[in-house]
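S.K.: Below is the structure I would like to discuss, written out as structure tokens.
In structure tokens:
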């Protein structure tokens, strides 16, 4: 049962009888998107109704029953304020189950049901990352746990699933479907691969726990002990940052085709995300201040990104003969860049540039930040350029690249021992200008 809310205008019959009779109900929020309403009539008594927000300004509504304004509540024909809340929540749980194909209220809820309820609630709240979490649930939670009743979901069952997920083959995407690639089983001797699988298992566990916590707070589960005792794998989220050398940046830029080359160059010169760049308007570029403004970032905050002379030349070129409201970056056909439109062009450019492994658009952001870190730029400045809320994420990814006092002291103090012969062989692993 969900938490009973309080409302001085609705919880007693005396308070309700003082309300002005009207056709429109007096609404009280029970939880995000769910409201209980009291409709006061001129005849003396009132009735309870419930409604649920379903998006785009629309609601679905139902009658709960008669209020106990003139007679004592019996929870059947006459309902108190608290009883009406219970009925409203029960009605909505029934609506959720029917939407998932569970026509009957009989039988226990299962994991699939509460996952969908959780995602529906996130969709109404405009939660970010919803599509990714839905995909993870479909591929990694539902096949193993979807049909399990919540009453039978034990700590051991969740822990075994979590451990098995870390050993499972990597999922690959084919078209719009995701399936397991059995030929790409994880090599237990490959430390990086195992770390990545454990990190994926932890992220999926977080989605499951969030859905279970939502059901718990909605009163659908009596206890949160089964999943609260399951702990994520430790020390698996160590940052592994890949960045490009100066030569690789030039090769990738030269290999990029058409309008996509503008995006690649801008990403390398600003550290902005793909979505931040594609949303930029000409008015966001300030020639005199040598900045571009990111008005809609991942964190929801705007920031000003400083440009070098090279960056100012690029944005000046792209902004020429455009109005302030026009987008800076458009495709070759003049249309806007959309979600994932960057993937094929950067894969093709990586192939032509002979980058192995192929670069991703986010690698360009890492390249920008890594270049600043290796030149001694303070972590706070890099964090501000990238739009991080503080320096914790920045330090986690780039602090090891910054000039280090301890390392510099050791290199200056330790004498040459003469135990390694000099060689004129040049390493091709990484250019010094990266």
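In our numbering, the protein residues as written are 1 to 434. Glycine included, each C-beta is placed from N, C-alpha and C at the ideal position. Fair warning: this is a prediction, and the values are worked out from it, not measured in the lab.
(1) Give me, in chain order, the residues of the same chain whose beta-carbon lies closer than 8 Å to that of residue 72; leave out the 5 immediate sequence neighbours on both sides.
(2) From what residue to what residue does the alpha helix (DSSP H) around residue 367 run?
(3) Over the uninterrupted beta strand (DSSP E) stretch that includes residue 36, give me the two end residues.
(4) Classify residue 20: buried if its beta carbon has 16 or more other beta carbons within 10 angstroms, exposed otherwise.
(5) Need the endpoints of the alpha helix (DSSP H) that residue 246 sits in, please.
(6) On a CA-only basis, which of 48, 286 and 324 is nearest residue 65? Give me that one, please.
(7) Candidates 40, 45 and 33: which alpha carbon is nearest residue 52's?
(8) For residue 337, name the three-state secondary structure that DSSP assigns.
(9) Tell me which same chain residues have a C-beta within less than 7 Å of the C-beta of residue 383, skipping the five on either side of it?
(10) Cα-Cα, which of 146, 200 and 158 is closest to residue 169?
(11) With 16 other CB atoms within 10 Å as the buried threshold, where does residue 319 fall?
(12) Is it true that the CB of residue 39 sits closer than 8 Å to the CB of residue 46?
(13) Examine the Cβ distances between the segment 329-337 and the segment 221-240 and report whether three or more of them are shorter than 8 Å.
(14) Which class does residue 204 belong to by DSSP, given the choice of helix, strand or coil?
(15) When burial is assigned at 16 or more other CB atoms within 10 Å of the CB, is residue 410 buried or exposed?
(16) Taking the Cβ atom as the reference point for each residue, do residue 36 and residue 28 lie within a distance shorter than 8 Å?
(17) Pop quiz: residue 467 and residue 290 are said to be a contact at Cβ under 8 Å. What is the actual Cβ separation, rounded to whole angstroms?
(18) Closest to residue 226 by CA distance: which of 259, 161, 193 and 268 is it?
(19) Can you tell me where the alpha helix (DSSP H) holding residue 314 begins and where it ends?
(20) DSSP three-state label for residue 70, please.
(21) Is it a yes or a no for the segment 348-360 touching the segment 270-283, going by three-plus beta-carbon pairs under 8 Å?
(22) Quick check: the Cα distance between residue 69 and residue 142, rounded to an integer number of angstroms?
(23) Note down the Cα distance separating residue 60 from residue 67, rounded to an integer number of angstroms.
(24) Reducing DSSP to helix, strand and coil, say where residue 28 ends up.
(25) Pull up the DSSP beta-bridge partners for residue 61, would you.
M.R.: Checking against the coordinates, here is how it stands:
(1) Numbered from its first residue, the chain shown carries residue 72 at position 72. 78.
(2) Here residue 367 refers to the residue found at position 367 of the chain shown. Start and end: 361-374.
(3) By one-based count along the chain shown, residue 36 stands at place 36. From DSSP, the beta strand (DSSP E) with residue 36 extends over 34-40.
(4) Within the chain shown, residue 20 is the residue found at index 20, counting from 1. The residue in question, residue 20, is exposed, as its Cβ has fewer than 16 Cβ neighbours within 10 Å.
(5) Position 246 of the chain shown, counted from the first residue, corresponds to residue 246. Start and end: 246-255.
(6) Here residue 65 corresponds to residue number 65 of the chain shown, with the count starting at 1. Ranking 48, 286 and 324 by Cα distance to residue 65 puts 48 first.
(7) Against the chain shown, residue 52 aligns to sequence position 52. It is 33.
(8) In the chain shown, the residue the question calls residue 337 occupies position 337. In the structure shown, residue 337 sits in coil (DSSP, three-state: anything other than H, G, I, E or B).
(9) In the chain shown, counting from the first residue as 1, residue 383 sits at position 383. These residues qualify, in order along the chain: 390, 391 and 394.
(10) Here residue 169 refers to the residue found at position 169 when the chain shown is read from its first residue. Ranking 146, 200 and 158 by Cα distance to residue 169 puts 200 first.
(11) In the chain shown, residue 319 corresponds to position 319, counting from 1. Per the 10 Å Cβ criterion, buried.
(12) Against the chain shown, residue 46 aligns to sequence position 46. Against the chain shown, residue 39 aligns to sequence position 39. Yes. Within cutoff.
(13) no
(14) As a first step, residue 204 is located in the chain shown; it is residue number 204 there, counting from the start. In this structure, residue 204 counts as helix in the three-state DSSP scheme.
(15) Numbered from 1 along the chain shown, position 410 holds the residue referred to as residue 410. Classification for residue 410: exposed.
(16) By one-based count along the chain shown, residue 36 stands at place 36. By one-based count along the chain shown, residue 28 stands at place 28. Contact flag set, yes.
(17) Outside the modelled stretch of the chain, which goes from 1 to 434, sits residue 467, for which no answer is possible.
(18) In the chain shown, residue 226 corresponds to position 226, counting from 1. Cα-wise, what sits closest to residue 226 is 161.
(19) One-based indexing of the chain shown puts residue 314 at position 314. Note, residue 314: alpha helix (DSSP H), 309-319.
(20) In the chain shown, the residue the question calls residue 70 occupies position 70. Note: residue 70 maps to coil in three-state DSSP.
(21) no
(22) By 1-based counting over the chain shown, the position of residue 69 is 69. By 1-based counting over the chain shown, the position of residue 142 is 142. So the two alpha carbons sit approximately 46 Å from each other.
(23) On the chain shown, residue 60 is found 60 positions in, with the first residue counted as 1. On the chain shown, residue 67 is found 67 positions in, with the first residue counted as 1. Looking at the two C-alpha atoms, the distance is approximately 21 Å.
(24) Counting from one through the chain shown, the residue named residue 28 turns up at place 28. Strand at residue 28.
(25) Here residue 61 is taken as the residue at index 61 of the chain shown, counted from 1. In DSSP, residue 61 forms a bridge with 51.
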